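Mind the numbering: the sequence shown is residues 1044 to 1236 in this note's numbering, read in order. Don't be surprised by glycine CBs; every beta carbon is placed ideally from N, CA and C. The structure presented is a predicted model; accordingly, all values stated were derived computationally and were not measured.
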Amino acid sequence: MSEQLAVEGHQLGEQYQFGSLMITFKVRYRRADFLHALYLSTIVPCLSLLLFTAMGFALFFNLQTNLVYVFTGALLLLYISTIYLHWARRYRPMLPPYKKDLRAHIYQLGMICIQEDRIEVVRWTEITRVRYRHPAPQHMAAFASTLKLWHNDGKKLTFDSNMPEIDALGRLVEREYGRHQHGHTTATINKQA
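Structure follows, in structure tokens:
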């Protein structure tokens, strides 16, 4: 964890009175993520549109049938390159540029999620539901892990495999949520008795 993240985490913990900082998770945005987003969002659609237009033009004007095969082959190569790109990235989901600054600070009493200039402050006792989905052991694919938190005001926070160590984050959030919800329920029962 960088010094700047540690300072930010400690300052926010003191500001919101969340206790001591346990750990910070931050998205690692690489140049390859930007190129992947650029390839899938601009290059593939433009080339597909160009190839479909050229194929329609060739069919409309009764050009040689071989041109249709050439265009179909080019589309097939484009499709295979997209599949290969996903395979080379180990099937991680595409990381949009607006998520490159996503970070989550985990404290004793809650968590603070920061994305760009938006701060989500969540206490463990204010969470109504946690759903951490991880792949079956035989698949061992961390790219399929997701963590969803539902806040009691209706907001939902979602983390996917773009967050490094999503499995550690998911287990930690589940543990803290269960510990605080169980403690909160016990305190409520003791007050009623």
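The beta carbons of LEU1192 and VAL1173 sit closer together than 8 Å. Bounds of the alpha helix (DSSP H) holding MET1098 are 1087-1103. Excluding residues up to 5 positions away in sequence, THR1067 lie with their Cβ nearer than 6 Å to the Cβ of LEU1048 in the same chain. Within the DSSP bridge table, the entry for PHE1068 names ALA1147 as partners. Short of 7 Å from the beta carbon of GLY1213, and not among the five residues preceding or following it, lie these beta carbons of its own chain, in chain order: TYR1175, HIS1177, SER1188 and LEU1190. In this structure, DSSP gives PHE1114 a helical state, which the three-state scheme calls helix. Per DSSP, the continuous beta strand (DSSP E) segment holding HIS1194 begins and ends at 1189-1194. With respect to LEU1119, SER1091 sits apart: the two C-beta atoms are not nearer than 8 Å.
Our two residues, ALA1101 and ASP1160, have alpha carbons roughly 51 Å apart in a direct line. Under the DSSP assignment, LEU1200 falls in the beta strand (DSSP E) whose first and last residues are 1199-1202. Rounded to whole angstroms, the gap between the alpha carbons of GLU1051 and THR1085 is 36 Å. In the DSSP assignment, GLU1163 forms a beta bridge with CYS1156. Rounded to whole angstroms, the gap between the alpha carbons of TYR1220 and ASP1196 is 16 Å. In the displayed model, ARG1073 falls within coil according to three-state DSSP, outside both helix and strand. Taking each of LEU1083, ALA1147, ASP1210 and TYR1150 in turn and checking the Cα distance to SER1124, the smallest one comes out for LEU1083.
If you check the CB distance, PHE1114 and LEU1094 come in under 8 Å. The shortest CA-to-CA distance from LEU1064 to any of GLN1107, GLY1153, CYS1089 and ILE1170 is the one to GLY1153. In the DSSP secondary-structure assignment, ARG1172 is bridged to TRP1193. Rounded to whole angstroms, PHE1061 and SER1045 show a C-alpha spacing of 21 Å.
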